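Asker: Counting in my numbering, the sequence shown runs from 186 upward without gaps.
By construction, the Cβ of each residue, glycine as well, lies at the ideal position given by its N, Cα and C atoms.
Owing to the predicted nature of the structure, the values given are computational and were not obtained by experimental measurement.
Handing you a structure now.
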Amino acid sequence: MKRLAGLSALALIISSTSGCGWIWGPEGYFRDRGSDYLEAQQTAPMKLPPDVNVAKRLDPLLPIPRNVADDTFKGEYEVPRPQPLSAVAEASDYSLQKSGDTRWVMAQRPPAEVWPVAVQFFQDNGFRIDEQRPQTGEFTTAWQHTSELSASMAKRLQAGGVANDSEARIRVRIEPGVQRNTSEVYVVSAERPAGSTANVDFTPRSVNTGVDAALVDEMLASMSRISEKGGSVSLLAAGSFDTPSRVSLSEDGSGNVVLNLGEDLDRAWSSVGRALEHGEWRVEDINRSLGLYYINLAEKAEKKDDEPGFFGKLFGSKPTKEEVETRAERYQVRLSKVGESVQVTVEKNINTVAPAEVARKVLGVIQDNLG
C-alpha cells in the first residue's frame with residue numbers, strides 16, 4: 186500500500202505540471218529561504234511606561250549581527266559560514282571496560298595500531314619484553330623485581346598487591362573487538378618469590394585482580410597520551426591473528442550440533458561476533474557476561490552502507506514493527522567454556538535447543554566467516 190500510494194502521488198505530480206518551477210523555483214514550495222530575512226523590517230526599540238522601574242537593563246532579544254547585509258543591501262546575499270566551535274574535550278580512542286572482576290581497555294583502533302602503543306607503555310615503565318608474538322597478538326615481560334621498574338609503576342604494583350620480596354611478569358593480549366577496526370587489550374600478571382626459578386604459568390583469568398587492575402588503569406591513561414603523538418603501525422600485528430587454531434563442527438553426547446573452537450573464551454567471543462557481523466542475519470542484541478548473541482534469521486544483517494536514498498525512503502516499504510514481530514525467527518548463539526576450548530551452540534531459548542538444521546546452518550556460517 187505504501188508503494189502504491191507513493192507511485193500515485195508521483196503520477197499526480199507529473200500529470201499536473203510541465204515543469205518543476207513551482208516546486209524548486211524562486212516562488213516554489215521548496216525554494217531557498219536563506220535570504221528571506223533581508224525582507225524583514227526593523228521596528229523601534231521597546232519602551233516602557235515612565236512609571237515602571239526595572240532593575241535589569243532590557244537588551245534586544247534577537248540583535249542583528251554586524252557581519253550581515255544592512256537594510257541598504259539589495260539582491261542575494263551569501264550568509265557567512267559560522268566559525269566552528271572549539272571542542273572542550275575530545276573523546277579518547279581508549280576506554281575502560283568491565284565485566285565482573287575482568288577489566289580491559291577498549292581501543293577504537295585496529296590491533297596493528299594498538300600493538301606499538303602497548304609495547305611502548307611497558308618499555309617506558311622499565312619492563313623488559315621477553316617474548317613477542319604479534320601474529321597472535323600477545324607479548325610477555327621478563328621476571329622482574331619492582332625495584333627495576335619506574336618509581337610510579339613500582340608504587341602502583343605494590344599498592345595492587347605485589348609483595349616487596351617477590352617478582353612479577355606480565356602477559357598482554359591484544360585482540361580485535363566485536364566492532365570492525367576496534368581492539369581489546371587484556372592484562373594478566375604472574376608472581377613468584379624473589380630468587381625463585383620456578384616457571385609460574387599465566388592463568389586464563391586474572392587472579393591478581395588488584396595488580397591487573399592497577400596495570401590496566403595506568404595503561405589506559407598512558408595509551409591515550411602516547412597515541413596523540415603519532416600513528417605507528419605494526420605490520421606483523423596487522424594479520425587476522427584472532428582466528429582460532431582449531432575449529433570443528435560436531436555433535437555433543439545428546440546429538441546437538443556444536444562448534445568447537447580451540448581458543449580462550451575472550452578471543453572466541455570476539456571472533457564469533459565478527460563472524461556474525463559478516464553473516465547474513467541480524468544480530469539484535471548481545472550479552473557478554475552470559476556469552477550470548479541474539480540473532481533474528483528473518484531479518485537481514487544491518488549494513489551501514491544500506492541507507493536508502495530519497496526516493497527509496499519515499500516509495501520504499503519498510504516493514505512495521507508488527508510485521509517484524511510476526512515473521513521473527515529469533516535464536517541465541519551461546520559460547521561456553523568446556524575444558525581448554527569453547528563450544529558454540531544455538532538455542533531457541535534458555536530451555537530449548539534449536540532444531541538441528543537451524544543450528545547446523547548458523548554454525549556453518551560462523552565457521553565459514555572465522556577466517
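What residue from Y222, A375, L334 and L444 has the CA that sits closest to A541's CA?
Answerer: Within the sequence shown, the letter at position 356 stands for residue 541. Among Y222, A375, L334 and L444, the Cα nearest to that of A541 is on L444.
Asker: Figure out for me which residue from R218, E448, K340 and N554 has the closest Cα to the Cα of S521.
Answerer: Sequence index remark: in the sequence shown, residue 521 carries index 336 (1-based). Among R218, E448, K340 and N554, the Cα nearest to that of S521 belongs to E448.
Asker: So, helix, strand or coil for V509, using DSSP?
Answerer: Numbered from its first residue, the sequence shown carries residue 509 at position 324. Three-state result, V509: helix.
Asker: When we look at the beta-carbon of S374 and count the other beta-carbons within 10 Å, is it buried (16 or more) or exposed?
Answerer: For the purposes of this step, residue 374 is identified with residue 189 of the sequence shown, where counting begins at 1. Buried, because 16 or more other Cβ atoms sit within 10 Å of the Cβ of S374.
Asker: Identify the residues that DSSP records as bridge partners of D437: which are they?
Answerer: Indexing the sequence shown from 1 puts residue 437 at position 252. None, per the DSSP bridge assignment.
Asker: If you reduce the DSSP assignment to three classes, tell me which class P319 lands in.
Answerer: Along the sequence shown, read from residue 1 onward, the residue named residue 319 stands at position 134. If DSSP states are grouped into helix, strand and coil, P319 belongs with the helices.
Asker: Let me check one thing: in DSSP terms, what residues is M291 bridge-paired to?
Answerer: Counted from its first residue, the sequence shown places residue 291 at position 106. DSSP lists S280 and E369 as partners of M291.
Asker: Between which two residues does the alpha helix (DSSP H) holding P301 run?
Answerer: Residue mapping note: residue 301 aligns to position 116 of the sequence shown, counting from 1. From DSSP, the alpha helix (DSSP H) with P301 extends over P296 to D309.
Asker: With H, G and I counted as helix, E and B as strand and the rest as coil, what does DSSP make of Q364?
Answerer: On the sequence shown, residue 364 is found 179 positions in, with the first residue counted as 1. In this structure, Q364 counts as coil in the three-state DSSP scheme.
Asker: For S521, which of helix, strand or coil comes out of DSSP?
Answerer: Along the sequence shown, read from residue 1 onward, the residue named residue 521 stands at position 336. S521 falls in the strand class under three-state DSSP.
Asker: Terminal residues of the continuous beta strand (DSSP E) containing E444?
Answerer: Stepping through the sequence shown from its first residue, residue 444 is reached at position 259. Per the sequence shown, residue 444 should be read as Leu rather than Glu. That run of the beta strand (DSSP E) goes V442 to L446.
Asker: Taking only three categories from DSSP, how would you classify T228?
Answerer: Position 43 of the sequence shown, counted from the first residue, corresponds to residue 228. The answer is coil: DSSP assigns T228 none of H, G, I, E or B.
Asker: Using the C-alpha atoms, what's the distance from V538 back to F426?
Answerer: Position 241 of the sequence shown, counting from 1, holds the residue named residue 426. Position 353 of the sequence shown, counting from 1, holds the residue named residue 538. Caution applies to F426, whose pLDDT of 48 falls short of 50 and renders its modelled position unreliable; the value that the coordinates give is listed next. Each residue's Cα considered, the two are about 31 Å apart.
Asker: Under a three-way DSSP split, which group does T162 fall into?
Answerer: Since the displayed the chain opens at 186 and closes at 556, residue 162 lies outside it and no answer follows.
Asker: Below 8 Å on the Cβ atoms is my guess for V372 versus V401; work out the distance and round it to an integer in Å.
Answerer: Within the sequence shown, numbered from 1, the residue matching residue 372 stands at position 187. Within the sequence shown, numbered from 1, the residue matching residue 401 stands at position 216. Right, their Cβ atoms sit about 6 Å apart.
Asker: Per DSSP, what are the beta-bridge partners of V468 in this structure?
Answerer: Stepping through the sequence shown from its first residue, residue 468 is reached at position 283. In DSSP, V468 forms a bridge with I480.
Asker: Would you decide whether A453 is buried or exposed? Buried here means 16 or more other CB atoms lie within 10 Å of its CB.
Answerer: Counting from one through the sequence shown, the residue named residue 453 turns up at place 268. The residue in question, A453, is buried, as its Cβ has 16 or more Cβ neighbours within 10 Å.
Asker: Between the segment 376-388 and the segment 455-471, do three or more beta carbon pairs fall short of 8 Å?
Answerer: no
Asker: Check whether the Cβ atoms of L557 and E514 sit closer than 8 Å, and answer yes or no.
Answerer: Because the chain here runs from 186 to 556, residue 557 falls outside it and cannot be looked at.
Asker: What's the C-alpha gap between F387 and R354?
Answerer: Counted from its first residue, the sequence shown places residue 387 at position 202. Counted from its first residue, the sequence shown places residue 354 at position 169. Looking at the two C-alpha atoms, the distance is approximately 9 Å.
Asker: List the DSSP bridge partners of S374.
Answerer: As a first step, residue 374 is located in the sequence shown; it is residue number 189 there, counting from the start. Partner(s): I355.
Asker: Helix or strand or just coil, what does DSSP make of T388?
Answerer: The sequence position of residue 388 within the sequence shown is 203, counting from 1. Note: T388 maps to coil in three-state DSSP.
Asker: Considering only the beta carbon of each residue, do R288 and G322 sit closer than 8 Å?
Answerer: Taking the first residue of the sequence shown as 1, we reach residue 288 at position 103. Taking the first residue of the sequence shown as 1, we reach residue 322 at position 137. With contacts defined as CB atoms closer than 8 Å, R288 and G322 fail to qualify as a contacting pair.
Asker: Cα separation between V518 and K503?
Answerer: Taking the first residue of the sequence shown as 1, we reach residue 518 at position 333. Taking the first residue of the sequence shown as 1, we reach residue 503 at position 318. Distance between the alpha carbons of V518 and K503 is about 27 Å.
Asker: Which residues bound the alpha helix (DSSP H) around S461?
Answerer: Reading the sequence shown from its first residue, position 276 is the one you call residue 461. Residue identity differs from the one stated: residue 461 is Leu in this sequence, not Ser. Membership of L461 in the alpha helix (DSSP H) is indicated by the continuous run L450 to E462.
Asker: Going by other Cβ atoms of all chains shown within 10 Å of its Cβ, with 16 needed for buried, is I535 buried or exposed?
Answerer: Locating residue 535 in the sequence shown gives position 350, where the first residue counts as 1. With fewer than 16 Cβ atoms within 10 Å of its Cβ, I535 is classed as exposed.
Asker: Using the rule of at least 16 other Cβ atoms within 10 Å of the residue's Cβ for burial, across every protein chain shown, is P235 buried or exposed?
Answerer: Along the sequence shown, one-based indexing puts residue 235 at 50. The residue in question, P235, is exposed, as its Cβ has fewer than 16 Cβ neighbours within 10 Å.
Asker: From I551, N349, R318 and A399, pick the residue whose C-alpha is nearest to that of M338; which is it?
Answerer: Residue numbering aside, residue 338 sits at position 153 when the sequence shown is read from its first letter. Comparing Cα-Cα distances from M338 to each of I551, N349, R318 and A399, the minimum goes to A399.
Asker: Check the DSSP bridge columns for Q329 and list the partner residues they point to.
Answerer: As a first step, residue 329 must be located in the sequence shown, where it is residue number 144. Partner(s): A353.
Asker: Whole angstroms is fine: what's the gap from I314's alpha carbon to A327's?
Answerer: For the purposes of this step, residue 314 is taken as residue 129 along the sequence shown, with counting starting at 1. For the purposes of this step, residue 327 is taken as residue 142 along the sequence shown, with counting starting at 1. Those two C-alpha atoms are separated by around 6 Å.
Asker: Sorted by chain position, which residues of the same chain lie with C-beta nearer than 7 Å to N310's C-beta, five sequence neighbours on each side aside?
Answerer: Locating residue 310 in the sequence shown gives position 125, counting from the first residue. So the list reads L334, S335 and M338, once near-sequence residues are dropped.
Asker: Between the Cα of K546 and those of V527, Y516 and E525, spot the shortest distance and give me the residue it belongs to.
Answerer: By 1-based counting over the sequence shown, the position of residue 546 is 361. When each option's Cα is compared against that of K546, the closest is Y516.
Asker: In whole angstroms, what separates the C-alpha of R512 from that of V531?
Answerer: Within the sequence shown, numbered from 1, the residue matching residue 512 stands at position 327. Within the sequence shown, numbered from 1, the residue matching residue 531 stands at position 346. Those two C-alpha atoms are separated by around 19 Å.
Asker: DSSP three-state call for T537: helix, strand or coil?
Answerer: Position 352 of the sequence shown, counted from the first residue, corresponds to residue 537. Correct three-state label for T537: strand.
Asker: Would a check of beta-carbon distances place W466 closer than 8 Å to chain C?
Answerer: Here chain C cannot be found, since the structure has a single protein chain.
Asker: When DSSP labels each residue in this structure, what does K485 get in the three-state scheme?
Answerer: Indexing the sequence shown from 1 puts residue 485 at position 300. DSSP places K485 in strand when its eight states are reduced to three.
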